[in-house]
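Presented below is the structure to which this report refers.
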Amino acid sequence: ESFTLSPVRFDRNLATAGKDNARQETKPSVIFIYPKYCKTVADRSWVDAVVADGDTEYIVDKVIPVYHPLTNKIFCFEVEVI
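For the sequence shown, the tail end lands on 349 under my numbering, and the numbers increase by one without skipping.
See the structure below:
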């Protein structure tokens with residue numbers, strides 16, 4: 268079932284490996300979901316899910332909860348996509 272994540276921070280990246288005709292491109296990017304602004308909770312069930320951003324599709328690789336150092340509550344979720 269598809270849904271929209273908003274507002275989030277999406278750091279897009281393009282990495283290349285190899286050279287000349289043997290070059291491969293990957294797009295290791297990170298979506299930051301801040302529960303203070305976006306009420307969606309990310310978990311491991313998202314791994315291998317498809318994220319559509321305009322005409323580009325990404326696959327979820329990891330979901331990492333980031334905790335606030337003082338309150339030990341979740342500050343944000345880092346969703347690593349390729």
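We put the CB at the ideal spot given by N, CA and C, even for glycine.
Between Asp-278 and the set Ala-309, Val-297 and Ser-269, the nearest pair of CA atoms involves Val-297. Taking C-alpha positions only, Arg-290 is separated from Ala-282 by approximately 10 Å. Using a 10 angstroms sphere on the CB of Ala-309, the tally of other CB atoms reaches 16 or more, which defines it as buried.
A distance below 6 Å between beta-carbons, with the five flanking residues on each side excluded, links Lys-329 to the following residues of its chain, in chain order: Glu-347. For Asp-315, the CB contacts under 8 Å within the same chain, skipping 5 residues up- and downstream, are Ile-326 and Val-327 in chain order. Sequence-distant Cβ neighbours of Ile-349 in its own chain, meaning closer than 7 Å and more than five residues away, are Thr-293, Lys-294, Pro-295, Tyr-325, Ile-326 and Asp-328. Residue pairing by DSSP places Thr-323 opposite Asp-320 in a beta bridge.
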